[in-house]
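Below is one structure, written out as structure tokens; the observations come after it.
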């Protein structure tokens, strides 16, 4: 039981303690009066809800539409392979690159300037626009691969794949085309399994701070940014108002979840009636449209990545020139001046991921597989509880422990952030490992340690490397925990990229965005290399 | 000599094995038969020391005069063979065998640490004796099913077990190979004078002269 106490103590306990602490701070009467009196509140609340709902619905619908029309075609394998790299591009880096594409002096405006004869940038409300269109765009484009990745994972399960073939064949013999079978039969059956990831998308879109700082509406900002501004304020009342706003955000999320659930139940009933109306529709060429949409999405990602790299090297680039007039290493010189930023990002990522891996392994080795299902809600909770709220509580816990503003405190919150991902990434391969290998090794008279070191660890090296890469990427991308628990004293490539981008310093921000994307890419590269070296030579193969 | 005394195994209030007693002399085989779900594998797991909740077991287990009932699996000196060969897929045949071979060897009444060359020689000798000379450097995946089964048996025996448990060891082999492997396995066990417990639902698996216990109610 001692081994069990460690993961619980280091992971579950802080989270379980942080939430009540945050709520206790956030329900202060004076703070709520101040929040309600804030003239920015109604607009901020409206913005947050519309941005979250519109972008979640669009990302989900787009993902379902793409899978409906591309599953089973030649494009499917290519699509599933592209989802990983798209996911790996960090949110903040993507937002910085997308801003470079759609801003008034961005690439799209320059492309239009020549035929339209523009000499000054157009008056486009695309970045920090009052309605949050830019933020919605980033959220849709960045949540799409996440939803797709979850869909692909569900569809790839052997039992689902088999049922799927049966249902599709059955539907075809009744005269329905595949897309009709997807919408009428398959999605209503499969969507309940995707409740958690879709909930995570909604929660993320509602509570995101770093993207909103880069590309979101500025004044008034979203509710999450309003809360964050309050929480950073030295004035105790403003601070408490921020905590109250974070609590309000959690209530809004709970309300939205309840609403979505009710709508899903009611909508599901109506959907079944429509689905069984017997109408056989004909193809409208959606398959080609889906293929085109997917190529456009890939092109968007490619352009965004290229623009970040380009912008980090740009000197003078006046509108409406299509290419920069001069190049400059200025941004990179600035980045290298603060090399400790890069060192801290990598160091935090490595230590937090290693700690998260150790905790996850302790859990897997000390508990029977059946326990995973019971702790899963606890493990996944950090993905759906607004991080602002959680961090408000964690910060108060860090104060008496003198962890605020320290590297130890940073490593601690990064470990908490990475652990759910490491856990979820490791669980399937760890739990499906044949226990008879262990019995065989022990029966040969060897110790558990020898078995672990010579057999289990080498055989599970590639899932371990993959989990480490995911955890590392998660840690590198952390903005809010780094700023909050680090008390703004420690800069990582992510905090620098976000701060510079929201301050309009696009070239230096782009250079940091390149690093922000490069660090996890290196991690994933190493994981792929390990997987290739350890190509499992399974006896049943 | 492997001795079972009044072994009883229950799960969820149901009795699978009821006061089973048996003595298996060196080189002999105790065959346990029965339909699936009758507790054959649970009995084997209990002898090996891998039986876990919700199973409950009681009874005595003595091997060459040592009481094993409270010993962990790695101190029982009982080898295990399953229907899958369970060779470690990332290790060569040599490394699989060396993983089993004890690090210390007895020579002139003294126990000394064997060199890698000595250990490899011992592994090669075992391989040659089984008609697998030269297979040492290969990975298990490159061997045929029958070859892997033989390596698996050799690996179990190189750990110098004082008893061997076989859980349907031939059920995944095709008919021709099955007869070959049966003959190879039981003649090897007789030669090494290792007492064995065999679990099977195939009467043809049971060697001549074995004690037979049926768990069918």
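Protein chains in written order, with this note's numbering: chain S, 11 to 551; chain W, 263 to 479. C-beta: ideal position from N, C-alpha, C; glycine also.
Alpha carbon to alpha carbon, how far is residue j from residue i? Give it in angstroms, no decimals.
i	j	result
residue 432/S	residue 373/W	45 Å
residue 421/S	residue 239/S	24 Å
residue 338/S	residue 147/S	30 Å
residue 107/S	residue 442/S	40 Å
residue 411/W	residue 443/W	8 Å
residue 323/S	residue 301/S	34 Å
residue 264/W	residue 325/W	5 Å
residue 31/S	residue 247/S	17 Å
residue 358/S	residue 437/W	58 Å
residue 463/W	residue 303/S	58 Å
residue 252/S	residue 345/S	32 Å
residue 543/S	residue 479/S	16 Å
residue 77/S	residue 469/S	33 Å
residue 301/W	residue 277/W	9 Å
residue 195/S	residue 205/S	17 Å
residue 23/S	residue 398/W	51 Å
residue 389/W	residue 423/W	18 Å
residue 184/S	residue 176/S	13 Å
residue 156/S	residue 97/S	6 Å
residue 465/S	residue 396/S	41 Å
residue 548/S	residue 404/W	With a pLDDT of only 45 at residue 548/S, under the threshold of 50, the placement of this residue in the model should not be trusted; the figure read from the coordinates follows. Each residue's alpha carbon lies about 10 Å from the other.
residue 500/S	residue 412/S	15 Å
residue 498/S	residue 231/S	21 Å
residue 538/S	residue 94/S	12 Å
residue 445/W	residue 387/S	54 Å
residue 408/W	residue 437/S	33 Å
On the CB-based measure, 16 or more other CB atoms within 10 Å of its CB, does residue i come out buried or exposed?
i	result
residue 334/W	exposed
residue 226/S	buried
residue 104/S	buried
residue 406/W	exposed
residue 275/S	exposed
residue 314/W	exposed
residue 417/W	buried
residue 339/W	buried
residue 429/W	buried
residue 245/S	exposed
residue 287/S	exposed
residue 303/W	buried
residue 375/W	exposed
residue 229/S	exposed
residue 311/W	buried
residue 66/S	buried
residue 400/S	buried
residue 308/W	buried
Spatial neighbours of residue i within its chain, please: CB distance less than 6 Å, with the 5 preceding and 5 following residues excluded, ordered by chain position.
i	result
residue 116/S	110
residue 142/S	57, 61, 226 and 227
residue 481/S	363, 366, 428, 431 and 432
residue 326/S	335 and 336
Cutting at 8 Å between CB atoms, please list the residues of its own chain near residue i, excluding the five before and the five after it.
i	result
residue 59/S	216, 262 and 266
residue 517/S	321, 322, 324, 338, 340 and 341
residue 298/W	463
residue 187/S	290, 291, 292 and 293
residue 551/S	In this prediction, residue 551/S scores a pLDDT of 34, lower than 50, which makes its location untrustworthy; the coordinate-derived value is nonetheless stated afterwards. None.
Looking only at its chain, what residues have a beta carbon closer than 7 Å to the beta carbon of residue i, apart from the 5 residues adjacent to it on each side?
i	result
residue 68/S	150
residue 423/S	404, 491 and 495
residue 508/S	102, 220, 223, 224 and 489
residue 280/W	270
residue 197/S	74
residue 394/S	209, 210 and 213
residue 89/S	80 and 304
Practice task
Would you check if the segment 219–228 of chain S and the segment 31–47 of chain S touch, i.e. whether three or more CB-CB distances between them fall below 8 Å?
Solution key: Output reads no: the segment 219–228 of chain S does not touch the segment 31–47 of chain S.
Practice task
Taking a Cβ distance cut-off of 8 Å, strictly less, list which residues of the segment 471–484 of chain S are near chain W, in chain order.
Solution key: Here the close residues number zero.
Exercise for the section: Pull out every residue of the segment 371–385 of chain W whose Cβ sits closer than 7 Å to any Cβ of chain S, in chain order. Expected result: none
Exercise for the section: Taking only beta carbons into account, state which residues of the segment 331–343 of chain W come closer than 7 Å to chain S, listed in chain order. Expected result: 335, 336, 339, 340, 341 and 342
Handout entry: Three-pair Cβ contact test at 8 Å for the segment 279–290 of chain W versus the segment 437–457 of chain W
Key = yes
Exercise for the section: With 9 Å as the C-beta to C-beta threshold (strictly closer), list the residues of the segment 348–359 of chain W near chain S in chain order. Expected result: 348, 349, 350, 351, 352, 353 and 357
Exercise for the section: Would you list, in chain order, the members of the segment 452–470 of chain S that have their beta-carbon closer than 7 Å to a beta-carbon of chain W? Expected result: 452, 453, 454, 455, 456, 457, 464, 465, 468 and 469
Exercise for the section: Please name the residues in the segment 427–455 of chain S whose beta-carbon is closer than 9 Å to at least one beta-carbon of chain W, in chain order. Expected result: Hits within the stretch, in order: 444, 445, 446, 447, 448, 449, 450, 451, 452, 453, 454 and 455.
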